[in-house]
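Number of protein chains: 2
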Amino acid sequence: MRQSHLFTKTRKEVPSDETSKNATLLLRAGYIHKEFSGVYAYLPLGLRVINKIIEIIREEMNNIEGQEISLTALQEKSTWDATDRWDDSKVDVWFKTALKNGTELGLAITHEEPITKMMSQYVRSFRDLPKYVYQFQTKFRNETRAKSGIMRTREFIMKDLYSFCKTKEEQDHYYKKAQDAYIKVFKRLGLGDITYLTFASGGIFSKYSHEFQTICENGEDEIYVHHKKKIAINKEVLTDEVLKDLDVKREDLSIEKASEVGNIFSLGTRFSEALNLSYTDENGEKQLAWMGSYGLGPARIMGVIVESFADDKGLVWPEAVAPFSLHLITIAKDKENDSYKKAEEIYKKLTDAGVEVLFDDREESAGAKFADSDLLGIPMRVVVSDKSIALGGVEIKERKSDKSEIISVEELLKTYKPNCE
Amino acid sequence: MRQSHLFTKTRKEVPSDETSKNATLLLRAGYIHKEFSGVYAYLPLGLRVINKIIEIIREEMNNIEGQEISLTALQEKSTWDATDRWDDSKVDVWFKTALKNGTELGLAITHEEPITKMMSQYVRSFRDLPKYVYQFQTKFRNETRAKSGIMRTREFIMKDLYSFCKTKEEQDHYYKKAQDAYIKVFKRLGLGDITYLTFASGGIFSKYSHEFQTICENGEDEIYVHHKKKIAINKEVLTDEVLKDLDVKREDLSIEKASEVGNIFSLGTRFSEALNLSYTDENGEKQLAWMGSYGLGPARIMGVIVESFADDKGLVWPEAVAPFSLHLITIAKDKENDSYKKAEEIYKKLTDAGVEVLFDDREESAGAKFADSDLLGIPMRVVVSDKSIALGGVEIKERKSDKSEIISVEELLKTYKPNCE
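Spelled out as structure tokens, the structure:
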């Protein structure tokens, strides 16, 4: 994409009520737009990042037999009365609205109830289970405070996967599979090294649930990390019994600030009982389905990536989620200049080869272009100038490094293999 | 995908309040789920169709320099007060809700206001225009009656493109370009032959707006079609003056029932004036931007496709939007049977080659499988049986044809080139 074509621009000012590091940088770089407190829109660069995160999650959910659907935001009271989660005194983040005839509606805060109800139309016999269903769908939550930028908002896309199994054993087996899939997701997102499988409180159906926590200076949580075992324990469950369960010693744990980027939970038969999701087993007897839920917030992940990797010059994207692989910059302002023409030629060759390139073809000073490039955070900067050409090619510099080097155009083209978009 | 893996099933019964042909068939085939009247969820097969429609539209919007973003559903009153479209007495399809502190919010019915406000942060000079921005985003509309299945719902994804130009001339030029892009979209969707560019009433900024109307037995509209010129006139503007404008004679028009599948509209400076979207021109003078809006509803299109092509046996999808290209069916129930093994082998070869295949590997009777195949509406059915193998290969039958023929497995593999998904 040509930067001159992009409607967004970098800017110095952000809305005065913006206090989070992630939203401040993303607003300055033109990745997002603030509609009002806790509600953000995604602009072209931001949407590219979110979509890359979504695509990585989608692939891993498909790899564990997930079937993708899309449920609705508008919800009827009756669906939620079954589990007693409708009343504002029970769940305090509902946005409620109403039909013209006065019928009360809610905007989905999550989807356990509607998906259980929907599945009950399709599950009859033991032959129909297990099944795994997921979606990327907008959740609405009426948060009282919304001060964490895109990490805790009133409207956000969430990936929620639900498992429907015949027995506790089948559910436990899938739970482990989902856990492994989550580890893969964070690895692919570039967060593998700093994200910990964290033991948290379970419920009546399992001793533990699990959070995925990413070490992060501005994180809201504190976790106890066992670096060697690559696990962590949530403060709320740090007891001698748990230490024994996990075979770790208290002195080997270090306390770290972290942000939750995902969670997985065994739901047991709580929802299947309330919403009548049952099947007939091999002996002709009626049994309740066992369920699990597995959440991931793409925007939350994007926020954590910003918080974890950004430096004082701006954003720093891991390759897998960067809006573009290369930031190609021409220093020449005159389109007839040889180095400008060379940049155009490189842009054409790279994009023809399927490489994702943002081409800064604007009539700006070199200094302004370099500052914008640092703020935008694309992993590799490629500068074409009279000087670089005289030295034998283009000047490349990784965003996270201070060192640049000259390589030939042929080497550049050879290094960047086509991306499959 | 293996049909045994799919959680949905075909069924005979639909909710008693469902009266539309499109939703009745889509519910019976397991493409959608009815949350309540006018609110539908998309299940795996339905989501595949919607996503194919979206991808075709996205490509054509990118081809006319559209930049994709994603705005928010939650909206503040102040944004809409500017154009006097907040009050329920002015716009009667709002769903309203509120923050915990009592601040009133609305769920976006459309996005002219928020996008104009957002763009005003990025447009300063004539150098910043023209720009074209679009999204696929959920709209909420509090419809009193919702009886048209997925064609008129209370919650739906809409593609809305907005153009921001310097002058009326620039806007008119882009309007024509968008019009051509829409014609391409409908052609690619398989609706080209029955969709008409329809002249409708404009407003203070242009004489006409345009609808795209698809001829459809159960359509809500009546249009006057000039078959030779491939245009139509909306009843509301059928005057002698318009006939003269379009150089057509009243006697050459035939009245047809149709459904609106898209519309394009010149907004002039109505929104840029109200929300202060201006730029400094070449002479240093402040000017208002000229705008246009261009809507398309993927679910509405999906509904019209169902209404237009379905027959008494079930759905009939055009190739471009079908959830799968091939419906491969094995008649043998015994996995050790040679023809079952042959079907497995064909399934593997086709999917490895990137062909989208739904493989009916269930233990059902041939009759049940054929009836389901007709209901699901995948363009080509491929049956593998002992008989087909004895005759030299597989039996293929187009969904819209009654004739079947035997072709060799090699020919089948050669015919279906890999799809790029």
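Chains as they are written, first to last, in the working numbering: chain A, 14 to 434; chain B, 14 to 434. Where is the CB? At the ideal position from N, CA and C, for every residue including glycine.
Just to confirm, are residue i and residue j a CB contact at a threshold of 9 Å?
i         : j         : result
Glu-125/B : Tyr-175/B : yes
Ser-321/A : Ser-161/A : no
Leu-58/B  : Lys-47/B  : no
Ile-244/A : Tyr-209/A : yes
Val-396/A : Lys-410/A : yes
Lys-382/B : Val-329/B : no
Gly-215/B : Phe-278/B : yes
Glu-259/A : Lys-248/A : Looking at the sequence provided, one finds Leu at residue 259/A rather than Glu. No.
Ser-352/B : Thr-343/B : yes
Val-370/B : Ser-417/B : no
Lys-197/A : Glu-73/A  : yes
Asp-185/A : Ser-219/A : yes
Ile-45/A  : Ile-314/A : no
Val-106/B : Cys-229/B : no
Gly-43/A  : Leu-60/A  : no
Tyr-53/B  : Ile-170/B : no
Leu-56/B  : Thr-85/B  : no
Tell me, to the nearest whole angstrom, how far the beta carbon of residue i is from that of residue j; I am working on the premise that it is less than 8 Å.
i         : j         : result
Ile-70/A  : Lys-172/A : 5 Å
Glu-269/B : Ile-236/B : 6 Å
Ile-402/B : Lys-355/B : 6 Å
Thr-23/A  : Leu-341/A : Going by Cβ atoms, the distance from Thr-23/A to Leu-341/A rounds to 17 Å, so no, they are not a contact pair.
Arg-394/B : Ser-17/B  : Rounded, the Cβ-Cβ distance is 17 Å, inconsistent with contact.
Trp-303/A : Lys-181/A : 6 Å
Phe-139/B : Glu-295/B : 6 Å
For residue i, I'd like the list of residues in its chain whose CB is within less than 6 Å of its CB, leaving aside the five on either flank, ordered along the chain.
i         : result
Glu-434/B : For Glu-434/B, the predicted structure reports a pLDDT of 39, less than 50, and the residue's modelled location is therefore unreliable. A value from the coordinates is still provided. Contacts found: none.
Gly-406/A : Ile-419, Ile-420, Ser-421, Val-422
Lys-25/B  : none
Arg-98/A  : Val-104
Arg-201/A : Ile-69, Ala-333
Can you say whether residue i is buried or exposed, counting buried as having 16 or more other CB atoms within 10 angstroms of its CB?
i         : result
Arg-167/A : buried
Asn-432/B : In this predicted model, Asn-432/B has a pLDDT of only 47, less than 50, meaning its place in the structure is not dependable enough to derive any value.
Pro-28/A  : exposed
Gly-203/B : buried
Ile-359/B : buried
Lys-346/A : exposed
Leu-404/B : exposed
Gly-380/B : exposed
His-240/A : exposed
Ala-323/B : buried
Ile-217/A : exposed
Ala-335/A : buried
Asn-4/B   : With chain B covering 14 to 434 only, the question about residue 4/B has no answer from this structure.
Glu-81/B  : buried
Glu-273/A : buried
Lys-130/A : buried
Ala-194/B : buried
Thr-437/A : There is simply no residue 437/A to check, as chain A begins at 14 and stops at 434 in what is shown.
Asp-385/B : buried
Asp-101/B : exposed
Asp-30/A  : exposed
Asp-373/B : buried
Gly-367/A : exposed
Asp-206/A : exposed
Using a Cβ-Cβ cut-off of 8 Å (strictly less than) and excluding sequence neighbours within five positions of residue i, which residues of its own chain qualify?
i         : result
Leu-118/B : Leu-87, Gln-88, Glu-89, Lys-90, Lys-109, Thr-110, Ala-111, Leu-112
Lys-190/A : Ile-77
Ala-213/B : Tyr-221, Ser-222, His-223, Glu-224, Asn-247, Glu-249, Val-250, Asn-276
Asn-75/B  : Glu-81
Note down, in chain order, each residue of its chain lying with its Cβ closer than 7 Å to the Cβ of residue i, except the 5 sequence neighbours on either side.
i         : result
Pro-143/A : Ser-176, Phe-177, Cys-178, Lys-179, Glu-183, Tyr-187
Ser-435/B : Given that chain B is displayed from residue 14 to residue 434, the structure contains no residue 435/B and the question cannot be resolved.
Asn-35/B  : Gly-162, Ile-163, Met-164, Gly-316, Val-319, Glu-320
Compute the minimum distance between the beta carbon of residue i and the heavy atoms of the ligand GDP, and state whether it is under 8 Å.
i        : result
Phe-49/A : Within the structure as shown, the ligand GDP is missing, as the structure has no ligands at all.
Please specify which runs of the alpha helix (DSSP H), each continuous and at least 4 residues long, are wholly inside the segment 51–115 of chain B, giving them in chain order.
If we require 4 residues or more, the alpha helix (DSSP H) runs fully inside the segment 51–115 of chain B come out as 57–76, 90–94.
Quick check on the DSSP output: what are the complete alpha helix (DSSP H) runs of length 4 or more inside the segment 241–270 of chain A, in order along the chain?
You should have 253–259.
Cβ-based contacts, 7 Å cut-off: residues of the segment 287–310 of chain A near chain C
This model lacks chain C altogether, as its protein chains are A and B.
Quick one: which unbroken beta strand (DSSP E) runs of 3-plus residues sit fully inside the segment 133–168 of chain B? Chain order, please.
Entirely contained in the segment 133–168 of chain B, the beta strand (DSSP E) runs reaching 3 residues are, in chain order, 144–153.
Could you pull out every unbroken alpha helix (DSSP H) segment of at least 4 residues lying fully inside the segment 310–366 of chain B, listed in chain order?
With a minimum length of 4 residues, the unbroken runs of alpha helix (DSSP H) contained wholly in the segment 310–366 of chain B fall at 311–322, 351–365.
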